[in-house]
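**Q** One structure, pasted below without further comment.
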Amino acid sequence: MKMIATWNVNSIRVRLPQVLEWLEKESPDVLCLQETKVTDEDFPAEAFRGVGYHAVFAGQKTYNGVATLSRAPADAVVALLPGADDAQPPSGTQTPQKRLLAATIEGVRVLNVYIPNGEEVGSDKYAYKLSWLGALEKFLAEELRSHPKLVVLGDYNIAPEEVDVHDPKLWEGRVLFSDRERAVFRRLVQLGLVDVFRKFEQPEKSFSWWDYRMNGFKRNFGLRIDHILCSAVLAADCRACSIDKEPRRHERPSDHAPVVARFEPSIS
DNA sequence: ATGGCTTGAGTGTCAAGA
1 MKMIATWNVN SIRVRLPQVL EWLEKESPDV LCLQETKVTD EDFPAEAFRG
51 VGYHAVFAGQ KTYNGVATLS RAPADAVVAL LPGADDAQPP SGTQTPQKRL
101 LAATIEGVRV LNVYIPNGEE VGSDKYAYKL SWLGALEKFL AEELRSHPKL
151 VVLGDYNIAP EEVDVHDPKL WEGRVLFSDR ERAVFRRLVQ LGLVDVFRKF
201 EQPEKSFSWW DYRMNGFKRN FGLRIDHILC SAVLAADCRA CSIDKEPRRH
251 ERPSDHAPVV ARFEPSIS
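To convert, note that position 13 of the first sequence is 13 in our numbering; the numbers rise steadily by one, no gaps.
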């Protein structure tokens, strides 16, 4: 396995042609998708099989939903985060929320995550985000014990540092960039993970999400909230990590861009 | 200024995302 990627597609129904095109062009070994927004019976597994990918998926109607596509089959699949919905989820939300998919692919433990948005600091959804992150931290610590080759990638909905935000003053204290969220991100890293994007020199103002409104992409008003965190063993063999802005320029784009990590020699 | 776009649900218009 030499290339893994993550992409919040904001509806797999709408984005399917773009994802198929991207797979054919880039040929990653693994692609983790978030916000598929379909139930499992509506997931387009056949279309992915047609271009040479296995798919595992955990979806629900309208919201959330994660899927992991891979050249090699996925084993030991866990489709729910233990303890995530123990605390009261925000009123009116469907439970359990489908936001995590763990799978072992060619001996690498791949944790695909769609961390809650949190809406606004102090809201019910913000409390749910922190509670969900607490459950993730616990699950991750356990998974790391049994899987030295582990990667956690997806839409974290957290911009970890000032350089990850187009206007840190504007975003100070706000959801996605609040101190508590950033502290949790640091705690996840301290479990023994590396944010591989920051292992390498990167262009100034590198972001993975831009608001659809106000020409956010053209003005590069964005945030880096999609991340690839690797265990030390995998990070040592990571040779590059980049954000592919090309799909964000398409007609009807997702508001997120794919993030890609490359390894040498093969990590499997 | 609490908007701005986009998607899904469902067919009028709202919730949710970030």
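Beta carbons: idealized from backbone N, C-alpha and C, even for Gly.
Computed from a prediction, not measured in an experiment: that's the story for all the values here.
(1) Using 8 angstroms as the Cβ pair cut-off and three pairs as the minimum, do the region 147-163 and the region 86-98 touch?
(2) Quick test of your reading: Ala74 and Thr36, contact by CB under 8 angstroms. State the CB separation rounded to the nearest angstrom.
(3) Can you list the beta strand (DSSP E) stretches of 3 or more residues lying completely in the region 74-120, in chain order?
(4) When the distance is taken between beta carbons, is Ile243 closer than 8 angstroms to Asp155?
(5) What residue range does the alpha helix (DSSP H) around Phe185 cover?
(6) Quick one: is the Cβ of Phe185 within less than 7 angstroms of any heavy atom of the ligand NAP?
(7) Give me the Cα-Cα distance between Trp209 and Leu176, rounded to the nearest whole angstrom.
(8) Report yes if the CB atom of Lys199 is closer than 8 angstroms to the CB atom of Ala235, and no otherwise.
(9) Would you kindly check if the distance between the Cβ of Arg180 and the Cβ of Leu100 is under 8 angstroms?
(10) With 16 as the cutoff for other CB atoms within 10 Å, does Arg89 come out buried or exposed?
(11) Assuming Lys273 contacts Glu264 under a Cβ cut-off of 8 angstroms, what Cβ separation, rounded to an integer in Å, is found between them?
**A** Based on what the coordinates show:
(1) no
(2) So it is not a contact: roughly 16 angstroms between Cβ atoms.
(3) 74-78, 100-105 and 108-114
(4) no
(5) Asp179 to Gln190
(6) Ligands are entirely absent from the displayed structure, and the ligand NAP is therefore not among its contents.
(7) 12 angstroms
(8) yes
(9) no
(10) Correcting the residue identity first, residue 89 is Pro in this sequence and not Arg. Buried, by the Cβ-count rule.
(11) The requested residue 273 is not part of the displayed model; the chain covers only 1 to 268.
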